[in-house]
Amino acid sequence: MPERITTADVSKVATLARLTLTDDELATATVELGAMLDHFADIDALDLDGVEPMNNPTHLVNVMRDDVVGEVLDRDEVLAAAPLAEDDRFRVPPIIGLDD
Amino acid sequence: MPDTTTHSELPQHATLIAEGVRRGTLSAVDVLDDHLARIDAREGEIHAFNLVLADLARERAAEIDSIVAQGGDPGILAGVPVALKDNMCTRGIPTTCSSKILGDWKPPYDATAVIRLREAGAVVVGKTNLDEFAMGSSTENSAFGPTRNPHDTTRVPGGSSGGSAAAVAAGFASISLGSDTGGSIRQPAALCGTVGVKPTYGAVSRLGLVAFGSSLDQIGPFAHSVDDAALTLEAISGHDPGDSTSIERPPLDLRSKLQMGAAGLRVGRITDLPTGASPDVQARLDEAFEALAAAGAEIVDVEVPAFGYGLTAYYLIAPAEASSNLARFDGVRFGSRTSAPDTNQMYMATRTDGFGAEVKRRIMLGTYALSAGYQEAYYGRAQKVRRLIADDFAAAYAQADVLLTPASPTVAFEIGDKSSDPLAMYLCDTYTIPSNLSGDPAMSVPFGTGDGGLPVGVQVLAPALQDHTMFRAAAELERYMSLSVSDTHGDAEPKGAN
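First to last, the protein sequences are chains A and B.
Residue numbers for the first sequence follow this note's numbering, beginning at 438 and rising by one.
Residue numbers for the second sequence follow this note's numbering, beginning at 58 and rising by one.
Now the structure itself:
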C-alpha cells in the first residue's frame with residue numbers, strides 16, 4: 438500500500454501552517470499523521486453521493502443586525518495586550534524589502 | 058439530593074449555598090473561605106488551577122454579603138464559588154489556554170458566560186488548567202504541567218476541562234465551567250465523579266470562549282449534583298447577540314422538570330453502539346437502564362449506524378476548524394512573540410515556539426484536510442458523514458426521548474498511559490463526539506464506581522433543545538444512586554455518615 442502521506446507532504450503542510458519542524462519532528466509527524474489517516478479510512482467505503490454536507494448544527498444562515506454604533510473594545514486596552522504597539526497601531530517587523 | 062459536605066458544616070452544593078446566602082443564613086465569605094481552605098490543603102498535589110484569585114474572590118464575596126445585608130438579592134448563584142476553564146476570557150485577568158503562545162495576555166473583555174455568572178452573584182475563585190487550547194482528553198497537554206485526579210493522584214482527571222472537573226471534585230469550587238468540543242466536559246466529569254453537561258449547541262454564548270472548533274464548541278457546567286448543574290445552566294444560557302450561532306431563545310428551563318421522574322420516558326439503548334467500553338463501565342450502563350426501567354421508563358432498542366464514524370468525522374472537522382481558528386495566534390495581537398528579521402519569519406518562530414506538540418499535530422492535520430487536492434476527500438467527506446450522524450440521531454429520537462451510553466470507555470487511566478499514542482487518546486472520545494457533531498445536548502452523571510473504586514459516568518443524550526428531558530432522566534439516575542447504600546457518589550474524599 439502506498440504511503441498515505443509523505444515527509445514532503447508534511448513539510449508543505451507545516452509551511453502552510455506557519456510552523457517549522459526539525460527533521461526528527463518531521464519524521465514523527467509523518468508517521469503519526471499517516472496512522473491517523475489510515476484509521477480515518479473507515480469512511481472510505483461509505484456511499485456519500487447525494488448527502489448534503491453539514492457545516493454546523495444550527496439552521497441559522499446569515500445573522501444580520503442593524504448598522505448602529507455599539508460598544509467597542511477600548512483601543513488602549515487592546516494594544517496593551519499586544520506584543521508590540523506604537524502610535525495606536527500593532528507594530529510588526531518589516532514585511533517587504535529584506536530580500537533586496 | 059446527595060450531601061457531599063465532608064470537611065465542615067458549610068454546604069458545597071450550589072443550590073444550598075445560593076439559598077442560604079440569599080436568605081442571609083449563610084455568609085458568602087465563609088463559604089469562600091471554606092473552599093479556599095481546601096485549595097490550600099490539596100491544590101499542590103492536584104494542580105487544578107492556572108491561577109487562584111483569592112483576593113478578588115474575597116472582595117466579591119464580601120460585596121455579595123453586603124448586598125444581602127442591605128436587603129438586596131445578589132442573584133440565583135449568590136455566593137457560589139465558581140472556577141473557570143482558562144480558555145474563557147476574563148477582562149484584565151490572564152487567560153492562557155494553558156499555552157505558552159498567549160504569554161501573559163490579559164483579555165480586553167469578559168466572556169458572556171462569565172458576565173452572566175457574575176450577574177447571578179457567583180464568586181470566581183480561579184482559572185483552571187486544560188489541555189492546551191482544549192485539545193486532549195487527559196489535561197496532560199498543558200504548558201503548565203498536568204492536573205491530577207482528586208480520587209487518585211497517579212491518574213488523569215480526563216480532559217480537556219480536567220482542571221474544572223478536578224476543582225469541583227476536590228471541593229475547590231462549588232461549580233465550574235468547561236468547554237466541550239468532542240467530550241471535554243463529559244469525559245472529565247465521568248473520570249472525576251461530577252456531573253458535567255454539554256448543552257444544545259447555541260444554548261450558551263461562545264462569545265469570549267477562545268475558539269477551537271467553532272461549529273462544535275459549547276460551554277457547560279461541572280457540578281456536585283444534577284440540580285446544581287441545572288441552576289448554573291439557567292444562569293448562563295439564553296440568547297446573546299454577540300454570538301451569531303446563539304439560539305434566539307430565553308434561558309433554559311430545567312429545574313422545574315427535575316422532579317418529574319422517569320415514568321413514561323422512552324429510553325433508547327443503541328444496539329449498534331461501537332464496542333470498547335470496559336466491563337466495569339458496561340455493567341454500570343446496564344444498571345442505569347435497569348434503574349430507569351424500575352422508575353417506569355420504557356427501554357427501547359434503537360440504531361445509530363453512523364455513530365461509529367463519528368471519530369473520523371470529528372478528527373477531520375475539528376482540526377480543520379482549529380487550523381483556521383488558531384491562525385490568529387501569530388505574534389501580532391496577543392501574548393508572546395519570538396523576534397525575527399521579517400514578519401513571515403516572526404509568524405513561524407512565534408508559532409513554532411508557542412504551540413505544544415498536540416496543538417501542532419492538530420493544526421497540521423487540519424491544514425492537510427483543507428489543503429488543495431485533499432479538501433474534498435477529507436473535509437468534504439467528513440461533513441457528509443456528519444450529516445449521516447445527525448440524521449441517524451434524528452431517526453433514533455423519533456423512537457426514544459433520551460439515549461444512554463457510557464461517557465468514557467474506561468475509568469480514569471494512569472498519567473502517561475496514552476500520552477505517547479495520539480490515536481489511543483482520541484479513542485477516549487468515542488461515545489461523546491457524536492453529540493458535538495449533531496449539536497444535541499448530552500451530559501455525564503456519576504453512576505457509582507468501577508475498577509479500582511474509581512468513578513463511572515453514564516451519558517444521557519437527548520435531541521436539540523430537549524435539555525430539560527435529558528435533565529429529567531439524569532435526575533432519576535442520581536436519585537437511584539443516592540438510594541443505593543452500597544455505592545459512593547464518587548466524592549473525592551471519604552464520605553462522612555450521611
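Ideal placement from N, C-alpha and C gives every residue a C-beta, glycine not left out.
Query	Result
C-beta atoms of Gly235(B) and Lys142(B) nearer than 7 Å	yes
Per-residue burial, Ile374(B) [other beta carbons within 10 Å of its own, 16 or more giving buried]	buried
One or two residues paired with Met473(A) in a DSSP bridge	According to DSSP, which records beta bridges pairwise, Met473(A) is partnered with nothing at all.
Proximity winner among Ala377(B), Ala447(B) and Gly392(B), relative to Leu427(B) (alpha-carbon distances)	Ala377(B)
Any C-beta of chain B under 7 Å from that of Ala518(A)	yes
Distance between Ile532(A) and Ala519(B) (C-alpha atoms, nearest Å)	51 Å
Contacts that Leu470(A) makes with chain B (C-beta to C-beta distance below 9 Å)	Arg418, Met421, Leu422 and Tyr425
Residues that Asp237(B) bridges to, as DSSP identifies them	Gln275(B)
Distance CB(Ala363(B))-CB(Ile420(B)) smaller than 7 Å	no
Within the stretch 350-409 of chain B, ranges of the alpha helix (DSSP H) (whole runs, at least 4 residues)	367-382
Proximal residues of chain A, C-beta to C-beta of Ile304(B) below 9 Å	Thr495 and Leu497
Test item: CB-CB of Pro138(B) and Arg148(B) under 7 Å	no
Residue-level contact to chain B via CB, Leu456(A), 7 Å cutoff	yes
Short CB-CB distance (under 7 Å) between Asp188(B) and chain A	no
Bounding residues of the alpha helix (DSSP H) (the contiguous stretch that carries Leu460(B))	First-last for Leu460(B): Val459 to Pro463, but that is the beta strand (DSSP E), not the alpha helix (DSSP H).
N-terminal and C-terminal residue of the alpha helix (DSSP H) that Ile242(B) is part of	Element bounds for Ile242(B): n/a, residue is neither H nor E.
Spatially closest choice to Asp481(A) from Pro498(B), Pro68(B) and Thr369(B), by CA coordinates	Thr369(B)
Nearest candidate by alpha-carbon position, reference Leu83(B), set Ala286(B), Ala119(B) and Pro308(B)	Ala119(B)
Beta-carbon spacing of Asn144(B), Val225(B) below 7 Å	no
Pro138(B) in three-state terms, based on DSSP	strand
Cβ-Cβ distance between Gly295(B) and Pro278(B) below 7 Å	no
contact_flag[the stretch 343-350 of chain B, the stretch 473-485 of chain B] where n(CB pairs < 8 Å) is 3 or more	no
With 16 other Cβ atoms within 10 Å as the buried cut-off, status of Pro520(A)	buried
CA-to-CA distance, Leu383(B) to Cys154(B), given in whole angstroms	12 Å
Beta-carbon neighbours of Pro502(A), restricted to chain B and to distances below 8 Å	Reading the sequence as shown, one finds Arg at residue 502(A) and not Pro. The contacting residues are Pro298.
Per-residue contacts from Val542(A) into chain B (C-beta, under 7 Å)	Summary: the structure shown does not reach residue 542(A), with chain A confined to residues 438 through 537, and so no result is reported for it.
N- and C-terminal bounds of the beta strand (DSSP E) containing Val517(B)	Pro512 to Leu518
Terminal residues of the beta strand (DSSP E) in which Leu108(B) lies	Phe106 to Val109
Cβ pair Ala135(B), Gly178(B) closer than 7 Å	yes
C-beta neighbour in chain B for Leu453(A), strict 7 Å	yes
Residues near Ile442(A) by beta carbon distance below 7 Å, same chain, minus five either side	Thr467, Leu470, Gly471 and Leu474
Where the stretch 475-494 of chain A meets chain C: residues whose CB sits under 7 Å from a CB there	Absence of chain C from the displayed structure is noted, the protein chains being A and B.
Rounded C-alpha distance that separates Ile356(B) from Ala499(B)	18 Å
Closest residue to Asp91(B) among Ser301(B), Leu108(B) and Ala114(B) (Cα-Cα distance)	Ala114(B)
Rounded separation between His70(B) and Ser282(B) - CA only	7 Å
The stretch 309-323 of chain B in contact with the stretch 333-342 of chain B per 3-pair CB rule at 8 Å	no
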